[in-house]
Structure formats: C-alpha cells, structure tokens
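This report concerns only the one structure given below.
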Amino acid sequence: MGAVVRRPVAWVAAIVLLAEAVGFVFVNGVMATVVDNQQMSLAGLDPDAMSTGTWGAGFGLGLYLVCCAALLVRAAITDRGFGRVARPVVIGCAILHAVLGALAVGLVGWAAFLFMMVVLGLIVLTLIAYAERAEPGEPAATAPAGTGPSAA
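Letter 97 of the sequence shown, counting from 1, is numbered 97 in this note's numbering, and no numbers are missing.
Put into structure tokens, the structure is as follows:
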C-alpha cells in the first residue's frame, strides 16, 4: 500500500481521534457536573470523589487519544512506521475502540457502534499500512535454524 493511501488514512484517523478526545472530555465533564450537582452516591462513595474521578478519567482518556493522534500525525508527516513504543500504544488504542464499540451497542446504540468500528478500521488500516517491511536490497527475515516444518 503506497503513500497515496497511507498518509490520508493516517491524517483522517488522527483528526477523528482528536475530535473523539474532545468528545470524551466533554461527556465526562457533563457526567461529573451532574454527579456533583445532584450529590449522587454509588454504594456509599463520596460524591466529590466520584466527580473528581470522572473528570480525571475524562482527561486521562482524552490525553491518551491526543497522544495516539500525535503518533498518527508523525507517521503521516514522515511516512515512516511506528517504533517499538509507539506501535503498542496505537494497538492499545485499537483495542480500546473495539471494547468501547462492544459496550456502545448495548448502552448507546448501533450508530455509536458503527462510529467506533469505523475509527477501529482507520487505526488498524494505518497499523497495517505502516507495518515493517524489508527494503528491496535486504534479505527477508528467516526463522532460526532447526525451527521449521522440515526440522523434524
């Protein structure tokens, strides 16, 4: 898959993740405000602690999504793959979207599930497009000696 497809997909995925980060912080802010104004409690927990925790979760998830978006922007600008640290971070973002998509079906509906699956698809397509590949002059990676079907 050439740079003609890789770069635009990475850009679109980064923009969607940035919008999603703002959305998550906003939704968690609304929930924290409602919990604080109503003085709601769950199993005897302090309402102030619940409100603070909700704000913290919103900012933490928003920061994680902004970090993932920054990694995608870097990949789109340089047209290079992800490093040893960046690849697991982006894979974790894909897993997060898969789990949130599964939860969204029951809690929010099919439209939210569809949105989460589109974002998951963009992230996975970016991961596949920037997968490690051998350069034209380099030999292909081989399995260590004695570990193949003919080793028996």
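Idealized CB from N, CA, C, for every residue including glycine.
Looking only at C-alpha atoms, which of the options sits nearest to residue i?
| i | options | result |
| --- | --- | --- |
| Leu17 | Leu71, Ser51, Val35, Gly53 | Leu71 |
| Val34 | Ala129, Phe24, Ser51, Asp79 | Ser51 |
| Gly92 | Ala69, Val5, Ala32 | Ala69 |
| Ala129 | Ala111, Ala98, Arg87 | Arg87 |
| Arg80 | Ala131, Phe59, Leu65 | Ala131 |
| Asp46 | Ala32, Gly58, Phe59 | Ala32 |
| Phe24 | Ala94, Gly56, Val90, Asn37 | Gly56 |
| Leu63 | Arg7, Val89, Gly83 | Val89 |
| Cys67 | Pro8, Ala19, Arg7 | Ala19 |
| Leu61 | Leu96, Trp110, Gly44 | Leu96 |
So is residue i buried or exposed if we call it buried at 16+ other beta carbons inside 10 Å?
| i | result |
| --- | --- |
| Val85 | exposed |
| Leu122 | buried |
| Met40 | exposed |
| Phe26 | exposed |
| Leu114 | exposed |
| Val108 | exposed |
| Val30 | exposed |
| Ala49 | exposed |
| Asn37 | exposed |
| Gly58 | buried |
| Gly22 | It should be noted that the sequence gives Val, not Gly, for residue 22. The residue is exposed, with fewer than 16 neighbouring Cβ atoms inside 10 Å. |
| Leu103 | exposed |
| Val119 | buried |
| Ala134 | Because Ala134 sits at a pLDDT of 46, beneath the cut-off of 50, its placement in the model cannot be relied upon, and the following sentence gives the value as read from the coordinates. Exposed. |
Hey, quick one: how far does the alpha helix (DSSP H) through residue i stretch, first residue to last?
| i | result |
| --- | --- |
| Arg84 | Segment: none, Arg84 is in no alpha helix (DSSP H) and carries neither H nor E. |
| Ser41 | From DSSP, Ser41 is part of no alpha helix (DSSP H); its letter is neither H nor E. |
| Ala129 | 110-129 |
Spatial neighbours of residue i within its chain, please: CB distance less than 8 Å, with the 5 preceding and 5 following residues excluded, ordered by chain position.
| i | result |
| --- | --- |
| Gly106 | none |
For residue i, which residues from the same chain have a beta carbon less than 7 Å from its beta carbon, with the 5 sequence-adjacent residues on both sides left out?
| i | result |
| --- | --- |
| Ala10 | Leu72, Ala75, Ala76, Thr126 |
| Val5 | Ala129 |
| Ala13 | Leu72, Leu122, Ile123, Thr126 |
| Ala98 | Leu120 |
| Leu42 | Met50 |
| Gly53 | none |
Which same chain residues, not among the five before or five after residue i, have their C-beta less than 6 Å away from its C-beta?
| i | result |
| --- | --- |
| Gly101 | Phe113, Met116, Met117 |
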